[in-house]
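Count the sequence shown with the working numbering and you get residues 1456 to 1580, in order.
First up is the structure itself, then whatever we jot down about it.
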Amino acid sequence: LYAVTPNETESELLTGVKVTDEKSALEASEVFISRGVKRVVITMGSKGAFVNDGQLSYLVPARKVKAVDTTAAGDTYNGAMCVALAEGKTLKESLEFATKASAIAVTRMGAQPSIPTREELDSTI
C-alpha cells in the first residue's frame, strides 16, 4: 500500500496504538510501515498531522481556528492533499495546503457547504 491517512481513532483501530501525541503517532506510523505502507499521515485535529515516510517523520502543525463543526474535515483534508499532489507539489507542501483547507472547513457548519473553493484557498494565507 502506497499511503494511508487515518485519524487518531482509525490509527488506534488499525495498529492497536492509542495516538495522543507525536510520540504515540510515531509508534503507530511505524506499525503501518512495518506492514508495507510507504507513507503514513495521521491526522490529529488541532494537534496537526503526523507524517512518516519510513525515513523522515515530522508534524505539520494545525492552523489555529475556532472550530464549529468538524464534519467533512478529514474528507476536505484528503481531497486537498490529492489535488496538491496531482499538481506536482511535494508531500509537505500538499499537507500544508490540506491543512489550510481543513482549517477553513471546520469553521463552517455542515459537510459539503463547509468545503472551501480553490479560489478561497488561493486567496487565503
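Ideal Cβ positions, reconstructed from N, Cα and C, are used throughout, including at glycine.
- request: Would you grab the beta carbon distance between serine 1484 and asparagine 1507 for me? Rounded to a whole angstrom, and I think it's under 8 Å.
  value: Under the criterion of beta carbons closer than 8 Å, serine 1484 and asparagine 1507 qualify as touching, at roughly 4 Å.
task: Express the C-alpha separation of valine 1474 and lysine 1547 in angstroms, rounding to a whole number.
output: Rounded to the nearest whole angstrom, the CA to CA distance from lysine 1547 to valine 1474 is 21 Å.
message: Looking at alanine 1517: is its Cβ nearer than 9 Å to the Cβ of methionine 1499?
response: Result yes, Cβ atoms of alanine 1517 and methionine 1499 sit closer than 9 Å.
message: Using a 10 Å radius around the Cβ and a threshold of 16 neighbouring Cβ atoms, would you call valine 1493 buried or exposed?
response: Reading off the sequence, residue 1493 comes out as lysine, not valine. That one is exposed.
query: Over what stretch of residues does the alpha helix (DSSP H) that includes serine 1466 continue unbroken?
result: Where serine 1466 is concerned, the enclosing alpha helix (DSSP H) stretches over 1463–1470.
- prompt: If threonine 1470 sits next to valine 1486, beta carbons under 8 Å apart, how far is it from one beta carbon to the other, in whole angstroms?
  reply: The distance from the Cβ of threonine 1470 to that of valine 1486 is about 4 Å, consistent with a contact at the 8 Å cut-off.
- prompt: Starting from leucine 1514 and walking both ways along the beta strand (DSSP E), at which residues does that stretch end?
  reply: Residues 1512–1515.
message: Once DSSP output is grouped into helix, strand and coil, what is the label at valine 1561?
response: It is coil, neither helix nor strand.
- prompt: Below 9 Å between beta carbons: does that hold for alanine 1504 and threonine 1531?
  reply: Against a cut-off of 9 Å, the Cβ pair of threonine 1531 and alanine 1504 comes out as no contact.
Span of the alpha helix (DSSP H) around alanine 1528: Run containing alanine 1528: 1528–1541, per the alpha helix (DSSP H) assignment.
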